[in-house]
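See below for the structure under consideration.
In this note's numbering, the protein residues as written are 997 to 1222.
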């Protein structure tokens, strides 16, 4: 799926001369954690995170900088002084999966979204990625999750899905992973909306006889298959 379907369009942004105090208030009132910074021409020049704000503010537990414009104190501190310059960006037609990888790899919380003319059109954050993850996994729908260990061979997953189709089981999502499994295998997670012609118990018995069914999740509880 694409960034343009999950991003926040027309995000709140800051000017370079916005004070850190004002930026902190905007973040607090809007309950957001990243704010793009634009110049006088409306072009993106940076991004400020809640962590940048926290690092700039004195601790309430220690003597520190007093709010004074005259002395060059905290009130004189501007967004341009603390922002990340030339931040990593993405585009509306980028995939959300790639954005998730970029956020994880760089340990950041969000990416400004620029159009083909480099105009700021949105921002996509880790919260948006979480929303996407909930949608594609089907976790927001009632159902049962089945987790298998399958050989990493052509057709292994297809055989399983064909079996489920034959039992008139309606699927919500199918995900695979090579993490935490020995070489030559992969884990396959299947979220189903119903057990079709089976009861849950008979479905588990049927599947574990033919496949390496590790566990299933029902009502939020993981149950190991013996």
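Glycine residues also receive a C-beta, built at the ideal position from the N, C-alpha and C atoms.
Endpoints, alpha helix (DSSP H) assigned at residue i
{"i": "residue 1161", "result": "1152–1162"}
{"i": "residue 1050", "result": "1046–1052"}
Enclosing beta strand (DSSP E) for residue i [first to last residue]
{"i": "residue 1084", "result": "Neither: residue 1084 is in no beta strand (DSSP E) and is coded neither H nor E."}
{"i": "residue 1182", "result": "1181–1188"}
{"i": "residue 1145", "result": "1140–1147"}
{"i": "residue 1099", "result": "Premise fails: residue 1099 lies in the alpha helix (DSSP H), 1092–1102, not in any beta strand (DSSP E)."}
{"i": "residue 1034", "result": "1030–1034"}
{"i": "residue 1267", "result": "Outside the modelled stretch of the chain, which goes from 997 to 1222, sits residue 1267, for which no answer is possible."}
{"i": "residue 1108", "result": "1106–1110"}
Coarse secondary structure for residue i, derived from DSSP in three states
{"i": "residue 1128", "result": "helix"}
{"i": "residue 1073", "result": "coil"}
{"i": "residue 1204", "result": "helix"}
{"i": "residue 1058", "result": "Any answer about residue 1058 is weak, because its pLDDT of 48 lies below 50 and its placement is not dependable; what the coordinates show is given next. In the structure shown, residue 1058 sits in coil (DSSP, three-state: anything other than H, G, I, E or B)."}
{"i": "residue 1117", "result": "strand"}
{"i": "residue 1022", "result": "helix"}
{"i": "residue 1199", "result": "helix"}
{"i": "residue 1135", "result": "coil"}
{"i": "residue 1039", "result": "strand"}
{"i": "residue 1222", "result": "coil"}
{"i": "residue 1217", "result": "strand"}
Inter-residue CB distance, residue i and residue j (contact presumed, cutoff 8 Å)
{"i": "residue 1088", "j": "residue 998", "result": "7 Å"}
{"i": "residue 1119", "j": "residue 1030", "result": "6 Å"}
{"i": "residue 1007", "j": "residue 1042", "result": "With 8 Å as the limit, residue 1007 and residue 1042 do not qualify as a contact, their Cβ atoms being about 14 Å apart."}
{"i": "residue 1012", "j": "residue 1075", "result": "6 Å"}
{"i": "residue 1133", "j": "residue 1169", "result": "5 Å"}
{"i": "residue 1200", "j": "residue 1221", "result": "6 Å"}
For this session: State whether the region 1183–1203 contacts the region 1136–1152, with contact taken as three or more CB pairs (one from each stretch) at a distance under 8 Å.
Result: yes
For this session: Kindly confirm or deny that the region 1166–1175 and the region 1209–1217 touch, where touching means at least three C-beta pairs closer than 8 Å.
Result: no
Exercise. Okay, do the region 1121–1130 and the region 1148–1158 touch, 3+ Cβ pairs below 8 Å being the bar?
Worked result: no
Exercise. Should the region 1094–1101 be regarded as contacting the region 1009–1027, the criterion being three or more beta carbon pairs within less than 8 Å?
Worked result: no
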